[in-house]
Ligand SMILES: [Zn+2]
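Residue numbers (the numbering used here): 137 to 388.
Below, the structure is given as structure tokens:
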């Protein structure tokens with residue numbers, strides 16, 4: 137089932153706002169697998185690398201949607217996994233701040249339903265793929281097993297933001313759309329399990345659920361920071377970069 141929409145290529149909700157407090161990224165991992173800050177790559181424009189012609193009638197900015205082969209493979213896999221999304225044009229906002237091969241996620245497919253995502257902006261395709269797998273195999277299944285209700289929606293505090301790691305001169309992974317901040321989970325039965333209220337203050341089952349989804353995030357993302365890391369992460373999980381396998385990332 138492929139529901140990917142290529143028609144609406146409008147960059148919406150950059151979510152460049154309201155990411156205060158998040159960004160205490162671990163030095164050794166924050167730049168893994170990504171162009172370093174200040175080394176902005178030129179936009180790809182080599183003939184032959186296009187696999188998708190921009191639809192007619194788009195603005196010049198929208199026509200910058202260029203799909204590199206490696207990005208196309210990721211977009212195809214994301215669509216095959218049942219995610220509903222729009223590919224976004226590459227953007228270069230400032231040195232070290234760019235969105236390359238990113239998507240706007242609308243929903244993620246689960247075993248028996250699909251899940252909404254609140255307040256998310258551009259996310260690099262590989263990170264969106266890890267997020268989709270975590271949502272389906274980590275979060276939804278844990279919700280059903282531990283809390284007795286399927287997941288309905290994940291609330292985030294955004295993804296892309298052109299800024300540095302707090303207290304440093306290094307760019308955050310958010311500046312490359314390679315991180316998502318997750319703040320709460322809405323269940324089908326109406327319950328809302330949030331990091332700020334329920335990591336310590338929730339019921340025994342709710343606390344177990346949050347720790348379980350934190351552990352499962354560590355299997356799928358390169359860097360995961362949560363309430364146990366520092367106070368800046370008391371209200372969200374910072375999920376950064378697609379992981380390179382269990383045990384290879386930073387999980388706190
Ligand atoms: Zn973050």
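Just so it is clear, CB atoms sit at the ideal spot from N, CA and C, and this is done for glycine as well.
Between the beta-carbon of residue i and the beta-carbon of residue j, is there less than 8 Å?
i	j	result
residue 316	residue 236	no
residue 329	residue 337	no
residue 285	residue 327	yes
residue 221	residue 242	yes
residue 254	residue 292	yes
residue 307	residue 232	yes
residue 271	residue 213	no
Alpha carbon to alpha carbon, how far is residue j from residue i? Give it in angstroms, no decimals.
i	j	result
residue 380	residue 259	18 Å
residue 322	residue 288	6 Å
residue 263	residue 378	5 Å
residue 281	residue 358	26 Å
residue 290	residue 252	6 Å
residue 354	residue 373	11 Å
residue 211	residue 324	28 Å
residue 187	residue 335	For residue 187, the predicted model reports a pLDDT of 32, less than 50, meaning its position is unreliable; a value from the coordinates is still stated below. Whole-angstrom Cα-Cα distance: 45 Å.
residue 176	residue 247	Residue confidence is low: residue 176 scores 33 on pLDDT, short of 50, so the model does not pin down where it sits. No coordinate-derived value is stated.
residue 370	residue 239	27 Å
residue 277	residue 348	10 Å
residue 368	residue 224	30 Å
Roughly how far, in whole angstroms, is the beta-carbon of residue i from the beta-carbon of residue j, given that I think they are within contact range, below 8 Å?
i	j	result
residue 219	residue 294	Rounded, the Cβ-Cβ distance is 18 Å, inconsistent with contact.
residue 283	residue 341	6 Å
residue 245	residue 209	Incorrect: roughly 19 Å between the Cβ atoms, too far for contact.
Taking the beta carbon of residue i as the centre, do at least 16 other beta carbons fall within 10 Å, making it buried, or is it exposed?
i	result
residue 387	buried
residue 227	buried
residue 303	exposed
residue 309	buried
residue 205	exposed
residue 332	exposed
residue 249	exposed
residue 356	buried
residue 364	exposed
residue 296	buried
Among the options, which one has its Cα closest to the Cα of residue i?
i	options	result
residue 344	279, 234, 213	279
residue 360	371, 385, 370	385
residue 298	318, 234, 225	234
residue 300	215, 207, 230	230
residue 350	368, 275, 240, 223	275
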